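S.K.:
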């Protein structure tokens with residue numbers, strides 16, 4: 020019998036994990052700490068190298084506060100760490116903007132990532148997924164994160180932004196260096212281990228942004244000369260009221276697209292494969308129901324709830340206010356813990372179990388309910404669904420053959436290494 024490797028997605032026992040630490044999620048999410056906080060509502064949280072922040076962990080509180088952008092600003096940073104005004108102005112993407120600027124940005128890019136537009140990629144997603152699974156089956160034992168979960172969103176990124184396939188590995192490598200800037204497996208400039216002051220005005224405080232900026236500048240020149248690059252040409256077009264994206268904004272948007280467009284979907288897929296490897300009944304259940312559209316939509320949503328790859332988004336109070344008996348001051352950091360909300364026992368019956376028929380499933384992995392709901396939500400859902408379907412068609416059995424490893428980050432929760440053995444159906 021194979022060893023059961025499911026523990027990190029189950030309740031842990033440490034109730035005092037330092038959530039400000041970049042090592043807080045090294046063994047999976049610290050759910051016991053979150054559960055303790057949920058028993059007390061919104062909780063003031065000390066920060067090892069900072070001024071502290073309010074932790075919001077209950078589902079109802081995350082939903083309520085996420086809907087109040089006038090009260091909680093995104094424009095002063097979305098991670099826990101503090102930035103100077105100069106830094107967040109230089110580094111911001113449209114994730115770090117408030118209305119009306121955020122509305123203008125979304126008007127420029129929404130159409131390219133709409134449900135209808137994303138559906139046009141369905142056949143291509145299925146072709147790539149089938150190819151990746153068949154290659155993994157031929158090898159027998161693989162790192163499923165590297166050879167399946169990373170590859171699918173990377174190759175779809177190429178389809179969407181229209182860049183050459185031969186550039187994709189390099190782009191994703193640089194995107195990993197950005198968003199995974201706390202993990203030495205992805206960058207030589209680990210944000211809390213080396214001096215990154217030289218790069219403080221770059222996205223994610225990373226020198227990889229320089230190379231991505233250069234790449235984006237080349238794309239801008241080529242588009243000015245008449246070349247076409249997927250959605251990139253459309254996002255540069257002005258809106259009906261004349262708003263358009265500046266070149267500086269485009270460069271930051273491109274960095275975000277390369278990093279976030281691959282990373283969180285990768286870790287949702289990895290979590291789904293991890294779940295099927297450790298709970299074989301899930302693969303059987305999917306196989307029995309994969310012709311049921313309603314079931315497959317519910318199943319993919321449940322896997323994304325289970326994965327919760329974006330652990331938090333930080334907001335900053337725009338004025339003094341009272342919430343849940345707490346006096347929150349202007350300038351205070353307020354951290355919405357999506358991972359905790361997705362395991363809230365008061366919202367999800369048996370939250371530490373995967374229920375592929377879970378209804379309703381008010382998970383918040385994409386920041387639902389607020390103005391910053393994830394731009395790539397429909398694409399991520401479609402990719403996860405197709406992965407589940409193609410595994411059910413092609414794989415008779417999947418087993419985890421060794422311990423998995425987590426990304427070093429308190430911002431992204433992800434299995435970065437997942438050794439598995441797969442048997443063809």
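Residue numbers (this note's numbering): 20 to 444.
From the three backbone atoms N, C-alpha and C, an ideal C-beta is built for every residue, glycine too.
On a predicted model such as this, the values are computed, not experimentally measured, just so you know.
1. Taking all protein chains shown into account, do 16 or more other C-beta atoms lie within 10 angstroms of the C-beta of residue 394, making it buried, or fewer, making it exposed?
2. For residue 345 and residue 399, I'd like the C-alpha separation in whole angstroms.
3. Taking the alpha carbon of residue 528 as the point to measure from, which residue in 207, 238, 262 has its own alpha carbon closest?
4. To which residues of the same chain is residue 82 closer than 6 Å at the C-beta, ignoring the five residues directly before and after it?
5. Could you round the C-beta distance between residue 355 and residue 58 to whole angstroms and report it? I think they count as a contact, below 8 Å.
6. Return the first residue and the last residue of the beta strand (DSSP E) that residue 342 is part of.
7. Taking the straight line between their C-alpha atoms, what separation do you get for residue 38 and residue 259?
8. Along the chain, where does the alpha helix (DSSP H) containing residue 293 start, and where does it finish?
9. Please decide whether residue 52 counts as near chain B, where near means a Cβ-Cβ distance under 8 Å.
10. Whole angstroms are fine: how far does the CA of residue 64 sit from the CA of residue 233?
11. Would you call the segment 284-304 in contact with the segment 168-184, where contact means no fewer than 3 C-beta pairs closer than 8 Å?
12. When DSSP builds the beta bridges, which residues end up paired with residue 45?
13. Measure the beta-carbon distance from residue 417 to residue 403 and round it to whole angstroms, keeping in mind my assumption that it falls under 8 Å.
14. Quickly, what does DSSP pair residue 113 with across the bridge? List them, please.
15. What is the DSSP secondary structure of residue 224, reduced to helix, strand or coil?
16. Within 10 Å of its beta-carbon, does residue 316 have 16 or more other beta-carbons around it, so buried, or fewer, so exposed?
17. Short of 7 Å in beta carbon distance, which residues of its chain neighbour residue 421, apart from the five on each side in sequence? Order them along the chain.
18. So which of 147, 152, 196 has the shortest CA-CA distance to residue 184?
19. Alpha helix (DSSP H) containing residue 172: first to last residue?
20. Kindly list the residues whose CB is nearer than 6 Å to the CB of residue 281, restricted to its own chain and excluding five residues on each side of it in sequence; keep chain order.
21. Could you work out which residue in 429, 379, 359, 410 is closest to residue 76 when comparing CA atoms only?
22. Could you tell me whether the Cβ atoms of residue 34 and residue 51 are closer together than 8 Å?
23. In whole angstroms, what separates the C-alpha of residue 357 from that of residue 425?
24. Report yes if the CB atom of residue 305 is closer than 8 Å to the CB atom of residue 187, and no otherwise.
25. What's the C-alpha gap between residue 362 and residue 301?
26. On the three-state DSSP scale, how would you describe residue 425?
27. Please list the segments of the alpha helix (DSSP H) lying wholly inside the segment 346-414, counting only runs of 4 or more residues, in order along the chain.
28. Leaving out five residues before and five after residue 123 in sequence, what residues of the same chain have Cβ atoms less than 6 Å from its Cβ?
29. Going by Cα to Cα distance, which pick from 366, 365, 333 is closest to residue 352?
30. Give the secondary structure of residue 62 by DSSP, where H, G and I count as helix, E and B as strand, and everything else as coil.
31. Less than 8 Å between the C-beta atoms of residue 251 and residue 242, yes or no?
32. Could you name the residues of the same chain whose beta carbon sits closer than 7 Å to that of residue 411, not counting the 5 residues immediately before and after it, in chain order?
33. Within 10 Å of its beta-carbon, does residue 433 have 16 or more other beta-carbons around it, so buried, or fewer, so exposed?
34. Any idea what DSSP makes of residue 259, helix, strand or coil?
35. Quick check on residue 323: does DSSP put it in helix, strand or coil?
36. Give me the Cα-Cα distance between residue 160 and residue 409, rounded to the nearest whole angstrom.
M.R.: The answer reads as follows:
1. Your numbering for residue 394 matches position 375 in the chain shown. Its Cβ being crowded by 16 or more others within 10 Å, residue 394 is buried.
2. Counted from its first residue, the chain shown places residue 345 at position 326. Counted from its first residue, the chain shown places residue 399 at position 380. Going by the C-alpha atoms only, they are around 36 Å apart.
3. Any property of residue 528 remains undetermined from this structure, which presents the chain solely from 20 to 444.
4. The residue you call residue 82 lines up with position 63 of the chain shown. Only 388 meet the Cβ criterion.
5. As a working note, residue 355 is residue 336 in the chain shown. As a working note, residue 58 is residue 39 in the chain shown. No, residue 355 and residue 58 are not in contact; Cβ-Cβ is about 18 Å, not under 8 Å.
6. By one-based count along the chain shown, residue 342 stands at place 323. Start and end: 340-342.
7. Walking along the chain shown from the start, residue 38 turns up at place 19. Walking along the chain shown from the start, residue 259 turns up at place 240. Computed Cα separation, rounded: 44 Å.
8. To locate residue 293, count along the chain shown from 1; it is residue 274. Looking at the DSSP string, the run of the alpha helix (DSSP H) that includes residue 293 is 266-297.
9. The structure shown contains no chain B; it holds only a single protein chain.
10. Taking the chain shown and counting its residues from 1, the one referred to as residue 233 is at position 214. Taking the chain shown and counting its residues from 1, the one referred to as residue 64 is at position 45. So the alpha carbons of these two residues sit roughly 39 Å apart.
11. yes
12. The residue given as residue 45 occupies position 26 in the chain shown. According to DSSP, which records beta bridges pairwise, residue 45 is partnered with 47.
13. For the purposes of this step, residue 417 is taken as the residue at position 398 of the chain shown. For the purposes of this step, residue 403 is taken as the residue at position 384 of the chain shown. With 8 Å as the limit, residue 417 and residue 403 do not qualify as a contact, their Cβ atoms being about 16 Å apart.
14. Numbered from its first residue, the chain shown carries residue 113 at position 94. DSSP lists no partner for residue 113.
15. As a working note, residue 224 is residue 205 in the chain shown. DSSP places residue 224 in helix when its eight states are reduced to three.
16. Residue mapping note: residue 316 aligns to position 297 of the chain shown, counting from 1. Exposed, by the Cβ-count rule.
17. In the chain shown, counting from the first residue as 1, residue 421 sits at position 402. 438, listed in sequence order.
18. Start at 1 with the first residue of the chain shown, and residue 184 comes out as number 165. For residue 184, the nearest C-alpha among the options comes from 147.
19. Translated into positions along the chain shown, residue 172 becomes position 153. Residue 172 -> alpha helix (DSSP H) spans 170-180.
20. Sequence index remark: in the chain shown, residue 281 carries index 262 (1-based). Within the same chain, residue 281 has close Cβ partners 172, 173, 176, 191, 194.
21. Locating residue 76 in the chain shown gives position 57, counting from the first residue. When each option's Cα is compared against that of residue 76, the closest is 359.
22. Taking the chain shown and counting its residues from 1, one reaches residue 34 at position 15. Taking the chain shown and counting its residues from 1, one reaches residue 51 at position 32. Yes, the Cβ-Cβ distance between residue 34 and residue 51 is below 8 Å.
23. The sequence position of residue 357 within the chain shown is 338, counting from 1. The sequence position of residue 425 within the chain shown is 406, counting from 1. Cα-Cα distance, rounded: 18 Å.
24. To locate residue 305, count along the chain shown from 1; it is residue 286. To locate residue 187, count along the chain shown from 1; it is residue 168. No, these two residues do not count as a Cβ contact at 8 Å.
25. Locating residue 362 in the chain shown gives position 343, where the first residue counts as 1. Locating residue 301 in the chain shown gives position 282, where the first residue counts as 1. Residue 362 and residue 301: Cα-Cα distance of roughly 19 Å.
26. Taking the chain shown and counting its residues from 1, one reaches residue 425 at position 406. Reduced to three states, the DSSP call for residue 425 is strand.
27. 357-360, 396-413
28. Taking the chain shown and counting its residues from 1, the one referred to as residue 123 is at position 104. Answer for residue 123: 262, listed in chain order.
29. For the purposes of this step, residue 352 is taken as residue 333 along the chain shown, with counting starting at 1. That would be 333, whose Cα lies nearest to the Cα of residue 352.
30. Here residue 62 corresponds to residue number 43 of the chain shown, with the count starting at 1. Looking at residue 62 - three-state DSSP - the assignment turns out to be strand.
31. If you number the chain shown from 1, residue 251 lands on position 232. If you number the chain shown from 1, residue 242 lands on position 223. Yes; because the gap between Cβ atoms is below 8 Å, this pair is in contact.
32. For the purposes of this step, residue 411 is taken as residue 392 along the chain shown, with counting starting at 1. So the qualifying residues of the chain are 302, 305, 306, 309.
33. For this step, residue 433 is matched to residue 414 along the chain shown. Its Cβ being crowded by 16 or more others within 10 Å, residue 433 is buried.
34. On the chain shown, residue 259 is found 240 positions in, with the first residue counted as 1. Note: residue 259 maps to coil in three-state DSSP.
35. Working through the chain shown from its first residue, we reach residue 323 at position 304. In the structure shown, residue 323 sits in a helix (DSSP, three-state: H, G or I).
36. On the chain shown, residue 160 is found 141 positions in, with the first residue counted as 1. On the chain shown, residue 409 is found 390 positions in, with the first residue counted as 1. C-alpha separation (whole angstroms): 18 Å.
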